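Following: one structure in structure tokens, then a few remarks.
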Amino acid sequence: MSSIAAQFVRQGKKIVAIGRNYSEHIKELGNTRPKEPFFFLKPTTSYLTSGGNFEIPAGVIAHHEVELGLVIGKGGRDISPDAAESHIAGYALAVDMTARNMQEEVKKKGLPWSAAKGFDTFTPIGKFIPKSSILDPHDLRLALKINGAVKQDGTTGDMISRIPRLVEHISSIMTLEVRRHIHHVDRADHDLTTRRAISFSPVPPSGVGPVTPGDKVECTLAESSGNILDQLTFTAVSRNGGYLFKP
-15 MSSIAAQFVR QGKKIVAIGR NYSEHIKELG NTRPKEPFFF LKPTTSYLTS GGNFEIPAGV
45 IAHHEVELGL VIGKGGRDIS PDAAESHIAG YALAVDMTAR NMQEEVKKKG LPWSAAKGFD
105 TFTPIGKFIP KSSILDPHDL RLALKINGAV KQDGTTGDMI SRIPRLVEHI SSIMTLEVRR
165 HIHHVDRADH DLTTRRAISF SPVPPSGVGP VTPGDKVECT LAESSGNILD QLTFTAVSRN
225 GGYLFKP
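My numbering puts the sequence shown at residues -15 to 231.
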């Protein structure tokens, strides 16, 4: 399972992103605390591997949110909290990028905000980390720097809903899929192998803010001891052509 799951960026079926799962993050964005886990979907075409260029569409104010991702290795429906761990293959460092001004505009109108989250390159993603390499996913440090300055630094211990609860909730609504597809091995799916989903666990630590063209972004996932599990870097650039946001 782990060898296939390690290629989740190419194989991934969907990205399930959890929202409003840190109290401080809720406060800084002026949102209300949800009564149950809140999530939205992002396309796998938004993945950006480490070292790539993050493209900011014209007119967009892009905000960073560093996160812990969990990679689902076994599908299921109505998964109990006790069984959740058996469905998890591993973890990944990730960043959920948002076209913040676009999101705010559509939220005012009561419209969906998939586009504000779903642009190409709007999900920078690190390497696959097998779950055996992490003793406690609720005792990890997440940090993000822009041009060397720390912008986010927090712990997964501050989650409102823990990972087993998130797996239970999501799988009670939609099946965490294990599905076979024939597709090019270097793109979205591996030829005749199992596709996996990745679910972002918590929303990020507080400190969400803008990324502008020319910025160098460095993210780190580490154990509480300071041992670094992964680092993710990317450079922000202006997108040539494509969508133009006009308020």
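For glycine and all other residues, C-beta sits at the position ideal for the given N, C-alpha and C.
From a predicted model like this one, the values you see are computed outputs, not experimental measurements.
Item: Distance cut-off 7 Å: residue 5 Cβ against heavy atoms of the ligand SAM; Value: What this structure holds is no ligand at all, so the ligand SAM is not there to describe.
Item: Proximity below 8 Å, CB of residue 30 to CB of residue 107; Value: yes
Item: Nearest-angstrom beta carbon gap, residue 74 and residue 26 [assumed within contact, 8 Å]; Value: That pair is no contact at about 19 Å.
Item: Secondary structure of residue 86, DSSP reduced to three states; Value: helix
Item: Assigned secondary structure, residue 223 (DSSP; H/G/I helix, E/B strand, else coil); Value: coil
Item: At least 3 beta-carbon pairs within less than 8 Å: the region 65 to 72 vs the region 36 to 45; Value: no
Item: Distance, residue 215 Cα to residue 204 Cα; Value: 5 Å
Item: Own chain residues within Cβ distance below 8 Å of residue 100, not counting five before or after; Value: 82, 83, 84, 86, 87, 90
Item: Bridge partner(s) assigned by DSSP for residue 113; Value: 75
Item: Residue of 153, 44, 158 minimising C-alpha distance to residue 229; Value: 44
Item: Presumed contact (8 Å Cβ cut-off) between residue 155 and residue 63, rounded CB distance; Value: 4 Å
Item: Proximity to residue 28 [Cα-Cα], best of 48, 42, 21, 0; Value: 0
Item: Where the beta strand (DSSP E) through residue 35 begins and ends; Value: Unbroken run through residue 35: none, as it is neither H nor E.
Item: Inter-residue CB distance, residue 41 and residue 103 (contact presumed, cutoff 8 Å); Value: 6 Å
Item: Residue 21 vs residue 124 beta-carbon contact at 8 Å; Value: no
Item: Closest residue to residue 202 among 78, 92, 208, 105 (Cα-Cα distance); Value: 78
Item: Rounded separation between residue 148 and residue 65 - CA only; Value: 5 Å
Item: Residue 207, DSSP secondary structure in three states; Value: strand
Item: Cross-strand partners of residue 212 (DSSP beta bridge); Value: 206
Item: Beta-carbon proximity check, residue 59 vs residue 161, cutoff 8 Å; Value: yes
Item: Neighbourhood of residue 164 by C-beta distance below 6 Å, restricted to the same chain and skipping five residues each side; Value: Bear in mind that the predicted position of residue 164 carries a pLDDT of just 25, short of 50, making it too unreliable to give a figure here.
Item: Residues near residue 226 in its chain [Cβ-Cβ closer than 7 Å; skip 5 each side]; Value: 41
Item: Residue environment, residue 3, which counts as buried when at least 16 other CB atoms sit within 10 Å; Value: buried
Item: Residues of its chain near residue 172, where Cβ-Cβ distance is below 8 Å and the 5 sequence neighbours each way are ignored; Value: Low confidence applies to residue 172: its pLDDT is 27, below 50, so where it sits in the model is not reliable enough to give any reading.
Item: Extent of the continuous alpha helix (DSSP H) run through residue 157; Value: 147 to 157
Item: Cutoff 8 Å; reference residue 122; Cβ partners in own chain excluding five residues on either side; Value: 140, 141, 143, 146, 147
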